[in-house]
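Asks:
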Amino acid sequence: MPVEATSAGAILFRDTRGCREYLLLKSRPGDWEFPKGGVEGEEELQQTAIREVTEEAGVEDFRLIDGFREEYDYVFEAGGDTIHKTVHLFIAHSFEASAELSTEHRDLQWRDYEQALNTITQDGPREILEQAHDYLDELEATEADGYLLGPES
1 MPVEATSAGA
11 ILFRDTRGCR
21 EYLLLKSRPG
31 DWEFPKGGVE
41 GEEELQQTAI
51 REVTEEAGVE
61 DFRLIDGFRE
71 EYDYVFEAGG
81 DTIHKTVHLF
91 IAHSFEASAE
101 LSTEHRDLQW
111 RDYEQALNTI
121 TQDGPREILE
131 QAHDYLDELE
141 ATEADGYLLG
151 PES
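Just so it is clear: in the sequence shown, position 77 is 77 by full-length UniProt numbering, and no numbers are missing.
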């Protein structure tokens with residue numbers, strides 16, 4: 001019987017000269033992924049996502065975008081156990097121009113949409129990036145104020 005595990009994270013993006021860029025982190029095994037990690041204690045999924053963005057990307061000035069949460073799952077072996085992990089991803093808008101590499105990752109890169117799609121190594125996160133990108137395009141087109149104006153005052 002697999003051990004169940006739950007993680008949460010965020011597809012972090014920034015706006016650079018009118019181009020939306022997504023933050024990708026290179027894990028120790030070599031996969032390119034979004035900031036994410038295990039739920040601790042009684043945390044809500046959004047709280048975990050916020051904590052993980054801060055811990056893994058060093059970004060503190062960001063805001064989760066309402067209305068988007070998708071998940072993917074995978075199975076792996078660790079310590080003699082079979083782990084079934086479900087990862088919940090939100091979208092977060094970074095108001096910082098840079099990010100900091102944590103000790104948990106080998107590299108980080110801001111990539112435009114096409115580059116990000118071609119860099120992500122797993123199908124689940126790649127499919128969710130497609131959905132997130134479309135969601136942001138729709139928000140940008142329908143909201144008079146837009147989501148790119150900055151933190152709410």
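Note that beta-carbon positions come from the ideal geometry of N, C-alpha and C, so glycine has one too.
Here the structure is a predicted model, which is why all the values come from computation and not from measurement.
(1) How long is the line joining the alpha carbons of Y135 and P35, rounded to whole angstroms?
(2) In the DSSP assignment, find the alpha helix (DSSP H) that holds Q122 and state where it starts and stops.
(3) Just to check my reading of the structure: A92 and L64 have Cβ atoms closer than 8 Å, yes? What is that Cβ distance to the nearest angstrom?
(4) Could you have a look at G9 and say whether DSSP puts it in helix, strand or coil?
(5) Rounded to whole angstroms, what's the CA-CA distance from G124 to Q109? Just pull it up for me.
(6) Span of the beta strand (DSSP E) holding L108?
(7) Within its chain, find whatever has a CB closer than 8 Å to the CB of C19; leave out the 5 residues flanking it on each side and keep chain order.
(8) How many Å lie between residue 155 and E21 at the Cα?
(9) Counting only the same chain and skipping the five closest in sequence on each side, list residues whose C-beta sits under 7 Å from that of E4.
(10) Provide the residue span of the alpha helix (DSSP H) that contains I50, from first to last.
(11) Since V53 and A10 should fall inside the 8 Å C-beta cutoff, what is the C-beta to C-beta distance between them, to a whole number of angstroms?
(12) Can you tell me the Cα-Cα spacing of R69 and A49, whole angstroms?
(13) Can you tell me the Cα-Cα spacing of E60 and F95, whole angstroms?
(14) According to DSSP, is E138 helix, strand or coil?
(15) S27 lies in the beta strand (DSSP E); which residues open and close that run?
Replies: Result, derived from the coordinates:
(1) Translated into positions along the sequence shown, residue 135 becomes position 135. Translated into positions along the sequence shown, residue 35 becomes position 35. Each residue's alpha carbon lies about 19 Å from the other.
(2) Along the sequence shown, read from residue 1 onward, the residue named residue 122 stands at position 122. Note, Q122: premise wrong, no alpha helix (DSSP H); not H, not E.
(3) Here residue 92 refers to the residue found at position 92 of the sequence shown. Here residue 64 refers to the residue found at position 64 of the sequence shown. Contact holds; Cβ gap of about 5 Å.
(4) Taking the sequence shown and counting its residues from 1, the one referred to as residue 9 is at position 9. Correct three-state label for G9: strand.
(5) Position 124 of the sequence shown, counted from the first residue, corresponds to residue 124. Position 109 of the sequence shown, counted from the first residue, corresponds to residue 109. Going by the C-alpha atoms only, they are around 19 Å apart.
(6) Position 108 of the sequence shown, counted from the first residue, corresponds to residue 108. Per DSSP, L108 belongs to the beta strand (DSSP E) from H105 to D112.
(7) The residue labelled residue 19 in the question sits at position 19 within the sequence shown. Result list for C19: D112, in chain order.
(8) Residue 155 is absent from the structure shown; the chain starts at 1 and stops at 153.
(9) Here residue 4 corresponds to residue number 4 of the sequence shown, with the count starting at 1. Within the same chain, E4 has close Cβ partners H84.
(10) If you number the sequence shown from 1, residue 50 lands on position 50. Looking at the DSSP string, the run of the alpha helix (DSSP H) that includes I50 is L45 to A57.
(11) Along the sequence shown, one-based indexing puts residue 53 at 53. Along the sequence shown, one-based indexing puts residue 10 at 10. Indeed, because the Cβ distance is near 5 Å, the residues count as touching under 8 Å.
(12) For this step, residue 69 is matched to residue 69 along the sequence shown. For this step, residue 49 is matched to residue 49 along the sequence shown. Whole-angstrom Cα-Cα distance: 11 Å.
(13) Mapped onto the sequence shown, residue 60 falls at position 60. Mapped onto the sequence shown, residue 95 falls at position 95. E60 and F95: Cα-Cα distance of roughly 9 Å.
(14) In the sequence shown, residue 138 corresponds to position 138, counting from 1. Helix, per DSSP.
(15) As a first step, residue 27 is located in the sequence shown; it is residue number 27 there, counting from the start. Residues C19 to S27.
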